[in-house]
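Take the sequence shown: its letter number 298 is residue 333 in the working numbering, and every next letter is one higher. The C-beta atom is built at its ideal place from N, Cα and C for all residues, glycine as well. Since we're looking at a predicted model, the values are computed, not measured. All remarks here apply to the structure that follows.
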Amino acid sequence: MKQTTIAAIATAIVPQQGSIGIVRLSGVDAVSIAKQLFQAPGNQQWESHRVLYGYIQQPSTQQVIDEALLLLMLAPRSYTREDVVEFHCHGGIIAVQQVLEACLQAGAELAQPGEFTLRAFLNGRVDLTQAEGVADLVGARSPQAAQAALAGVQGKLASPIRELRQRCLDTLAEVEARVDFEDDLPPLDEAGVQAELQEIHKTLQAILATADQGELLRNGLKVAIIGRPNVGKSSLLNAWCRCDRAIVTDLPGTTRDVVESQLVVGGIPIQVLDTAGIRETEDQVEQIGVTRSHQAAQSADLVLLTIDASAGWTSDDQQLYQAFQDLPMILIINKVDLVPKEQVIYPAAISQVVSTIAAQNQGISSLETAILETVQSQSLQAANLDWAINQRQAAALQKAQAALTHVQDAIADQLPLDFWTIDLRGAIQALGEITGEDITESVLDRIFSRFCIGK
Ligand code: GDP
Numbered sequence: 036m037k038q039t040t041i042a043a044i045a046t047a048i049v050p051q052q053g054s055i056g057i058v059r060l061s062g063v064d065a066v067s068i069a070k071q072l073f074q075a076p077g078n079q080q081w082e083s084h085r086v087l088y089g090y091i092q093q094p095s096t097q098q099v100i101d102e103a104l105l106l107l108m109l110a111p112r113s114y115t116r117e118d119v120v121e122f123h124c125h126g127g128i129i130a131v132q133q134v135l136e137a138c139l140q141a142g143a144e145l146a147q148p149g150e151f152t153l154r155a156f157l158n159g160r161v162d163l164t165q166a167e168g169v170a171d172l173v174g175a176r177s178p179q180a181a182q183a184a185l186a187g188v189q190g191k192l193a194s195p196i197r198e199l200r201q202r203c204l205d206t207l208a209e210v211e212a213r214v215d216f217e218d219d220l221p222p223l224d225e226a227g228v229q230a231e232l233q234e235i236h237k238t239l240q241a242i243l244a245t246a247d248q249g250e251l252l253r254n255g256l257k258v259a260i261i262g263r264p265n266v267g268k269s270s271l272l273n274a275w276c277r278c279d280r281a282i283v284t285d286l287p288g289t290t291r292d293v294v295e296s297q298l299v300v301g302g303i304p305i306q307v308l309d310t311a312g313i314r315e316t317e318d319q320v321e322q323i324g325v326t327r328s329h330q331a332a333q334s335a336d337l338v339l340l341t342i343d344a345s346a347g348w349t350s351d352d353q354q355l356y357q358a359f360q361d362l363p364m365i366l367i368i369n370k371v372d373l374v375p376k377e378q379v380i381y382p383a384a385i386s387q388v389v390s391t392i393a394a395q396n397q398g399i400s401s402l403e404t405a406i407l408e409t410v411q412s413q414s415l416q417a418a419n420l421d422w423a424i425n426q427r428q429a430a431a432l433q434k435a436q437a438a439l440t441h442v443q444d445a446i447a448d449q450l451p452l453d454f455w456t457i458d459l460r461g462a463i464q465a466l467g468e469i470t471g472e473d474i475t476e477s478v479l480d481r482i483f484s485r486f487c488i489g490k
């Protein structure tokens, strides 16, 4: 157990917002530091898993800086398995910062990002997949993403990985026994080992297949709405968000800049960029918007090229199409209340087409279906999200698979048993990296540095 005591603000802090802010302490001196700061009137007992009421004072000046609740969680029954104290202070930015400052003055160290969870991992309370689930849960942008993250927190990914690692260990033991005590044991059941490795390989593959889904859930999709001025891009976004974030107007070119909206489609978090009317223009202010929106749209995962049915396919539309045709694209034929979509001629190469009447909120569900088809993810909503692995976990699984393939090759080539054991150990190590049984400090640093402070 580490000897230092760490402190951090555990809640999001926003000026003038949030009725409660939490400052958290963890470590051997958490209770003594808390006792220096916290005055609990009456005879309230400092017992584990009890809430105390009182005042927090500056240790140097004794000035009262907040009226708060204190939650005491003594080791090992805490998030970190160390003594943990939480001050439930008033929200906003001042009270929590002063309380944090007071903790530091009383001897605590400022926690690094993810250090509470790192301690939980180092003290054996969670494994690495659970720790990563915690970060994913905090970062989740859709209920489905949260569900998959929570499954990770609950250890649903860790258990099959541990089981596979154990099976590799058992196989290794069988093989090594033959290396060490060849004469005393019956011969190795090579076919049995082959079959077992094949089974493990297959299960690894099934877990790996969730990587794309995990990526979508975690990072979501960036979708850009592009089109000439006045085709109805802002109206489309408004209909989609059912809110009024973008300005809707009859004047071409008033959506001067990129407006971003966050949506969720079939469980996938979607960031929509509504771009200014992309076209050559003399207007300086608009010009800036045009350039920025061009760049923004080029970084999208999916482009919604919007046209006006009543104008048909214009040469400007053609130019936009050519500029973005390397990106996955859906053609939106808007204003089909004015001209039916059958009358609109567009390049045959565009396979995904949706017609909308943005001004009347019509066509949005077809648009969402088309988006899900494009990312081939209709099943996400219905999927049983027991886990959705991340890139680090996928890389380790691939390493394990490659090692197992080597073992299978070694068996097929009738190489000596020593060769089998080298790669079996490689597979065991790769699987151990996922749960954290075999892990280096630099990998830990990389994982925990993406956490927020106070988690
Ligand atoms: P943007 O410049 O592409 O963002 O276009 P806007 O969303 O500002 O829309 C331009 C004009 O077209 C506005 O007057 C909208 O009310 C109108 N408009 C948008 N969608 C439709 C539609 O589906 N049908 C009709 N008839 N008008 C629409």
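Taking a cut-off of 8 Å for Cβ pairs, the region 338-349 and the region 379-395 touch, as three or more such pairs fall below it. Apart from the 5 residues on each side of it in sequence, E82 sits with its Cβ closer than 8 Å to the Cβ of L107 in its chain, given in chain order. For L362, the secondary structure class from DSSP, reduced to helix, strand or coil, is coil.
According to the DSSP assignment, F483 belongs to no beta strand (DSSP E) but to the alpha helix (DSSP H) extending over 476-484. Comparing C-alpha distances from A166 to each of L452, P178, S67, L153 shows the shortest one belongs to L153. Apart from the 5 residues on each side of it in sequence, T456 sits with its Cβ closer than 8 Å to the Cβ of L207, V210, E211, V214 in its chain, given in chain order. For A383, the distance from the CB to the nearest heavy atom of the ligand GDP is not below 8 Å. Between the region 89-106 and the region 118-133 there are three or more C-beta pairs closer than 8 Å, enough to call the two in contact. A Cβ-Cβ distance of about 7 Å is found for the pair G249 and A183, placing them in contact under the 8 Å criterion.
Using a Cβ distance threshold of 9 Å, N425 and D171 count as a contacting pair. One alpha carbon belongs to L223, the other to G467, and they sit about 26 Å apart. Taking the CA atoms as reference points, N396 sits about 14 Å from I368. Shortest gap from the CB of P111 to any heavy atom of the ligand GDP: 8 Å or more. Under the three-pair Cβ rule at 8 Å, the region 428-444 does not count as touching the region 394-408. Between the alpha carbons of Y356 and C487 lies a gap of roughly 40 Å.
Annotated as proximal: I305 and K257, with beta-carbon spacing under 9 Å. The region 146-163 makes no contact with the region 125-135; the number of CB pairs closer than 8 Å stays below 3. About 16 Å separates the beta carbon of L308 from that of A274, a gap too long to meet the 8 Å contact definition. Under the three-state reduction of DSSP, N369 is assigned to strand. The three-state reading of DSSP puts F73 in strand, counting E and B together. Pairing Q179 with G302 gives a Cβ-Cβ distance under 9 Å. F216 is classed as exposed because its beta carbon has fewer than 16 other beta carbons within 10 Å across all chains shown. Cβ neighbours of L199 within its own chain (closer than 7 Å, five residues either side excluded): I235, T238, L239, L466.
The residues W348, L366, in chain order, have a CB closer than 7 Å to that of Y381 in the same chain once the five nearest residues on each side in sequence are set aside.
With a cutoff of 9 Å on beta-carbon distance, A143 and A47 are scored as not near each other. Per DSSP, reduced to three states, the secondary structure at F216 is coil, with no helix or strand assignment. At the C-beta level, T96 and I68 stay beyond 9 Å of one another. By the CB criterion at 9 Å, A193 and D162 fall inside the cutoff. Taking the Cα positions, C276 is about 49 Å away from A141. Assignment of R460 by DSSP, reduced to helix, strand and coil, places it in the helix class.
Around the CB of G471, 16 or more other CB atoms lie within 10 Å, so the residue is classed as buried.
For the region 130-218, the continuous alpha helix (DSSP H) assignments of 4+ residues that do not extend past its boundaries occur at 150-157, 163-174, 178-188, 193-215, in sequence order.
Nearest in C-alpha terms to K191, of all of R427, V442, K490, D421, is D421.
Distances between the C-beta of I399 and the heavy atoms of the ligand GDP are all 8 Å or more.
In summary, Q38 is exposed, with fewer than 16 beta-carbon neighbours lying within 10 Å of its beta-carbon over all protein chains present. It is roughly 59 Å from the alpha-carbon of G398 to the alpha-carbon of L72.
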